[in-house]
Amino acid sequence: MISVVRAQKILFQTKRFNNISWICHRATSSAPTPTTTQLAHQVGHQVAADVVDPAKKIIAGAPYKSLSIGVPKETYLNEKRVALTPTVVSTLVKKGFTLHVEENAGIGAQFPNEDYQNAGAKIVSRNAAYASNIILKVRQPSPEDISVFQDKSTLISFIYPVQNKAIVDQLTQKQLNVFAMDCIPRISRAQVFDALSSMANIAGYKAVIEAANSFGRFFTGQITAAGKSPPAKILVIGGGVAGLSAIGTARNMGAVVRAFDTRPTVKEQVQSMGAEFLELHYKGSESGEGTGGYAKEMSPEFIEAEMALFAKQAKEVDIIITTALIPGKKAPTLITKEMIESMKPGSVVVDLAAEAGGNIETTRPGEKYVYKDVTHIGYTDLPSRLASQSSGLYANNISKFLLSIGSQDHFYIDLNDEVVRGSLILREGEWMWPPPKPAAIENPLSKAAVKDVKAEKKAAAEVLPPNYFTEHLKGSLLYTTGLGSLLGLGIISPNPLFANMITTFALSGVVGYHTVWGVQPALHSPLMSVTNAISGITAVGGLLLMGGGFYPQTIPQGLAAAAAFISSINIGGGFIITQRMLNMFKRPTDPPEHNYLYLIPGASSIGLYAWASQQGYHDINHLAYLAASLCCVGALGGLSNQKTARLGNTLGMIGVSLGLAATLGSIHLDMPLITQIGATMGTGGLLGALVARRIAITDLPQLVAAFHSLVGMAAVLTCVSHYIAECDHFVDDPAASVIKTALFLGTYIGGITFSGSLIAYAKLQGMMSGAPIMLPGRHAINSGLALANVGALAYYMMSADPMVGISMLGLTSALSMTMGLTLTVAIGGADMPVVITVLNSYSGWALCAEGFMLNNSLMTIVGALIGSSGAILSYIMCKAMNRSLPNVILGGYGTDSTGSGKAMQITGTHTEVNVDQTIDLIKESSSIIITPGYGLCVAKAQYPIAEMVDILRKHGKTVRFAIHPVAGRMPGQLNVLLAEAGVSYDIVHEMEEVNHEFTNTDLVLVIGA
């Protein structure tokens, strides 16, 4: 993530950040400075010890500060490239090297002497450049160059030891260390040194440009008033780096491109660039996969079919570009003289293998000429014809390779280094090439294991036909269980009030289910926040139980006042933080919103209720609760659309306000009690508002967890308060068993929610380790706590003694809080999204229990909405993480193992990129997807990323975000952070929404995940 942010700064603020990590590893020595001859010997000498001698603690090799690098001017015919650019010279100077650049070495690549001097190099004569300890070149040295080399120095350059054996033999007489850039092994670690690919990329691009310059028509098809011009048809033979570069360039210029390669794996790459992949249809089955990224030599049967394909294509296409090479051998002849003669007049052929003998029979290496009206381009210096670009890439390759030879700012030839050994041609004049073959690596899968895997795959492929009877039987039994349960509740119902409450609960659960599923994933964080706010309806329970005068006078009244106080914190803080988040999603182009006008229905509804209540219309309370409940449903429903999201928050405020007003209207109030209620809820609301206004958006998960704990504690306090106040009346109440059960469940769920939320808060805030804490025997502990709660419930229900009831409620409070702690500590910080949504669901069910306890429809409806919301979000999170919802809800998230059998083996070779390469990838890509993770939140990187995205879009690039459901620490957190930084929600998508776009995307940036 830091690399991408740094890349953004480099790319768009034109400020180069130098890699200074090497400073930490500078080695100091009191040894005298060696002479030039001693130093050269030290550079070339191979010690059998490790890089750092453990006995003497001295780093082997020569320190950079004692070495000089020479960059002579290239003398090869028409060669304009230079081994180092001023930018790279600056980097090497900062590393400690002394740079000697021959006068006018970079003129051909448009790098004047002044640029090198400003970068810290010394402009010297030819002989002085060759007198350096290390010589960096592009082409192999000529005999004249070899004569001025210093004995026992080091040369890094393109060498091609097979073709240039005579040159290498002359170098042995100078006892040189010679590294060949063309012999660097093609492995993941060495990709940054791969100069062959860099030059091939340029050659492919330049080949198309040269062809276009010689072709007499447009590449792209056009329809004008003067007539129709068909697009040029281009055949590219070879799908390596050069071939793919040519394909991309030709496609961007509008040509119709066909491509062929003997390697089937190239097909997908060719097609992804919009070209047609030509395939052979013959009896044999043969793959051209070779070593080192090249194709192998094919069988005569394959070649015969291949030549027939090329002969047919030659008659159809306008341009042919060939790129086929076989290492150490002459390039294969793919286009014959007869094929050239069959081409249309004005056609063009470009042979990128001309220097190795050519793929086209009529090619003249190094020349451009016309044969039978077909223009032949056989240039062998295509990279040199784009000298500035190719020098820049080559300088990056060769400098990074140089810095990799040794360690800790010391140059040291370590034969145990695979890249060094593979590219080393001479060591002190002795032949070291070709390198020994690497030891064979035994396949970890035995033949028997391979057979087992094949058998498993075969068994998996044999899918049994569906058993429709079983499927319908399961559905039938499910409906039977549901309907039977509802009728069973009717049998045990103590009175009509319970039946009505069950009806309210069921219908509100259905409404909540469908409403929450309609919420946009981008608004899941506001959904969590607004449910936090409306969960403050737990204040209704506190208000109904409050009493006394200016302050509570009994324990139940004190508990009720405490419940009302902490509930009001949720109300005040929840709505304000929700409004803050929703305001971030507003775009400058959005129409104005006048949500303040909704004060009219809010004030008028409360005023109408107050008037009707004073007039003695007692049924107004039930309908006021209904109106408040519908407004809370509207609060969730409004989040289904960005345009109505802020209206939804306003409806939530109206609903909670009307619900609290209806509650106050249903109880007897006097001035002392009104004062107590006002002070309690006013203080709590003000405290919540202050916290919500000051908290950073990145700390939103902690705030949500803290608010959940308040809901849980409010439920516990309200339930205990109600039991103490009403326990004497349970003997004569036919609904006592229902009320007592609701009391116990409310206390139990509230206790788990309280302690679990506090642990989640501590983990998110960094107050305790985010790693799972696996308590010894935690499964047995949790099982014991659950059984103890069941025992407490049984004893509590059987006894009519108030002291027993109070004791059991106190016991389950302690047990449930302990259980919340043991369950949550076993869950890692990365799994907090699921923890928060599950706790959100728990808080809703606790509110439902309070509703049944107080026979309050408002609390039941709102509790069902919140419970449904948390359960659905938990399901979404679990599905995204391939976990089961029951496993999470039952607290099984911190288990030792979440799967069985062998882990999936990841095969293939990864590609490493650094900051500079990332910049180049961004520059070259037109379609980009950014996948952010929690690391973005921690680093607060949303602002530079938003700036980068804005600039990229202004440059015509298509950029969008793909967010995984559990990318942050709570659902939708990254959507909010990006909105805070000014990223329009139009380009922020759920990953499922853009999955189909990945195949047409040039670059995916995974940031902080």
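Numbers in this note's numbering are just positions in the sequence shown, counted from 1, shifted up by 39.
Glycine included, every Cβ here is placed at the ideal spot set by N, Cα and C.
DSSP puts P102 in a beta bridge; with which residues? H449
Put F604 into one of helix, strand or coil per three-state DSSP. helix
Quick check on DSSP: helix, strand or coil for G1047? coil
Specify whether the region 400–411 and the region 424–431 touch according to this definition: at least 3 beta carbon pairs, one from each stretch, less than 8 Å apart. no
Going by DSSP, which residues form a beta bridge with G266? T263
Return the chain-ordered list of same chain residues with a C-beta closer than 8 Å to the C-beta of I241, the five sequence neighbours on each side being excluded. S284, L421, P422, L425, Q428, S429, L432
Would you decide whether F589 is buried or exposed? Buried here means 16 or more other CB atoms lie within 10 Å of its CB. exposed
Beta-bridge partners of V389, as assigned by DSSP: I360, I416
Chain-order list of residues whose beta-carbon lies under 6 Å from that of M920 (same chain, five-residue window excluded): V1005
From R922, K104, P384, S965, residue whose alpha carbon lies closest to that of V356: P384
Between I616 and I734, what straight-line distance do the alpha-carbon atoms span, to the nearest angstrom? 9 Å
Straight-line CA distance for L1042 to V695? 47 Å
Can L106 and F450 be called in contact, C-beta distance under 8 Å? yes
Closest residue to I1002 among S808, E1031, Q230 (Cα-Cα distance): E1031
By alpha-carbon positions, which one of V730, A599, A393 ends up nearest to A578? A599
CB G580 to CB L904, shorter than 8 Å? no
Can you tell me where the beta strand (DSSP E) holding T570 begins and where it ends? Looking at the DSSP string, T570 is not in any beta strand (DSSP E); the run it does join, the alpha helix (DSSP H), is 563–573.
Which one or two residues does DSSP pair with H1028 in a beta bridge? A1001
Do K161 and G135 count as a contact pair if the criterion is CB distance below 8 Å? no
Where do the N-terminal and C-terminal ends of the beta strand (DSSP E) with Y408 fall, by residue? 407–410
If we call anything under 8 Å between Cβ atoms a contact, is V864 one with I911? no
First through last residue of the beta strand (DSSP E) which encompasses F257: Careful: F257 lies outside any beta strand (DSSP E) and carries neither H nor E.
Tell me the DSSP bridge mates of P971? I1046
Continuous beta strand (DSSP E) stretch holding I32: start and end: Only positions 40 to 1048 of the chain appear in this structure, which leaves residue 32 out of reach.
Residue nearest to V388 in terms of C-alpha spacing, selected from N252, A853, S236: N252
State the DSSP-derived secondary structure class of S964, mapped to helix, strand or coil. coil
Assign A87 to one of two classes, buried (16 or more other C-beta atoms within 10 Å of its C-beta) or exposed (fewer than that). Reliability of the predicted coordinates at A87 is poor, the pLDDT of 34 falling under 50, and the value obtained from them is presented with this limitation in mind. A87 should be labelled exposed.
Residues bridged to W470 (per DSSP): L465
Taking only the alpha-carbon atoms, compute the straight-line gap between L803 and I639 and give it to the nearest angstrom. 40 Å
Which term fits N506, buried or exposed, when burial requires 16 or more other beta carbons within 10 angstroms of its beta carbon? exposed
Spatial distance of E889 from P504 (CA atoms): 49 Å
Among S908, D233, G468, T114, which one has its Cα closest to the Cα of V952? D233
Just verifying my parser: in three-state terms, what is the DSSP assignment at G313? coil
Where T520 sits in the DSSP three-state scheme: helix
My guess is that T970 and A853 are in contact by the Cβ rule of under 8 Å, so how many angstroms apart are they, rounded? So it is not a contact: roughly 44 Å between Cβ atoms.
Buried or exposed, going by whether 16 or more other CB atoms sit within 10 Å of the CB of A101? buried
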